[in-house]
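Peer 1:
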Amino acid sequence: MAKILVVDDAKFMRMTLKNILTNGEHDVIGEASNGKEAVELYKELAPDLVTMDITMPEMNGMDALNEIVASSDDARVIMCSAMGQQKMVVEAIEQGAKDFIVKPFDEARVLEAVARVLR
Numbered sequence: 001m002a003k004i005l006v007v008d009d010a011k012f013m014r015m016t017l018k019n020i021l022t023n024g025e026h027d028v029i030g031e032a033s034n035g036k037e038a039v040e041l042y043k044e045l046a047p048d049l050v051t052m053d054i055t056m057p058e059m060n061g062m063d064a065l066n067e068i069v070a071s072s073d074d075a076r077v078i079m080c081s082a083m084g085q086q087k088m089v090v091e092a093i094e095q096g097a098k099d100f101i102v103k104p105f106d107e108a109r110v111l112e113a114v115a116r117v118l119r
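In terms of the UniProt record's numbering, the sequence shown opens at residue 1 and continues consecutively.
1. Taking 8 Å as the limit between beta carbons, can you name the residues of its chain near I4, skipping five residues before and five after?
2. At 4 residues or longer, and completely inside the UniProt domain "Response regulatory" (3-118): list those alpha helix (DSSP H) runs for me, N to C.
3. Using a threshold of 8 Å, state whether the C-beta atoms of M62 and A92 are closer than that.
4. Around the Cβ of V90, are there at least 16 other Cβ atoms within 10 angstroms (buried) or fewer (exposed)?
5. Just checking my contact of I68 with N60 at CB under 8 Å: how many whole Å lie between their CB atoms?
6. Can you grab the Cα-Cα spacing for the pair I101 / R109, in whole Å?
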C-alpha cells in the first residue's frame, strides 16, 4: 500500500483522486491545494508518490515539481493535466516527473500509472 500526497487546487479533483486511490488500496496521507503546500507536505510526510496538478495558485505544479525533485532523489511525481497541456507535460517529464494522467480522470488509467511508477 503506497502513501500518496494528492495536490490540486480544486477540492472536487482531490476528492475524485482520493476516492480512486483509496479504491485501489492506496493510502492518501495528505492533500495540498497549491504547490507551496505540496513542497511543505512532501518534506513533512515523505510520501511514496505525489499526484501534482499543473495549474495552481501561489506556486504552480511545475515549480513544486522542481523543488520536490531537487529535495529528494527518489521523488516520484505524476503530473495531472487538462487536455491541451501536452507541452507542459513534456516539460514536466524532462524535469523529473515519472508519468502524467489527464483530466477528467479515468480510474483504470490512474491506477495503472500509479502501479507503473511505484514498480
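Glycine included, each C-beta is placed from N, C-alpha and C at the ideal position.
Computed from a prediction, not measured in an experiment: that's the story for all the values here.
Peer 2: Taking the definition as stated:
1. Looking up residue 4 in the sequence shown gives position 4. Cβ neighbours of I4 beyond the five flanking positions: L21, H26, D27, V28, I29, P47, D48, L49, V50, T51 and V114.
2. 11-23, 35-45, 61-71, 86-94 and 107-118
3. Locating residue 62 in the sequence shown gives position 62, where the first residue counts as 1. Locating residue 92 in the sequence shown gives position 92, where the first residue counts as 1. Contact flag set, yes.
4. As a first step, residue 90 is located in the sequence shown; it is residue number 90 there, counting from the start. Flag for V90 reads exposed.
5. Taking the sequence shown and counting its residues from 1, the one referred to as residue 68 is at position 68. Taking the sequence shown and counting its residues from 1, the one referred to as residue 60 is at position 60. In fact, because the Cβ distance is near 13 Å, the residues do not count as touching under 8 Å.
6. Stepping through the sequence shown from its first residue, residue 101 is reached at position 101. Stepping through the sequence shown from its first residue, residue 109 is reached at position 109. Near 7 Å, if we compare the C-alpha coordinates of R109 and I101.
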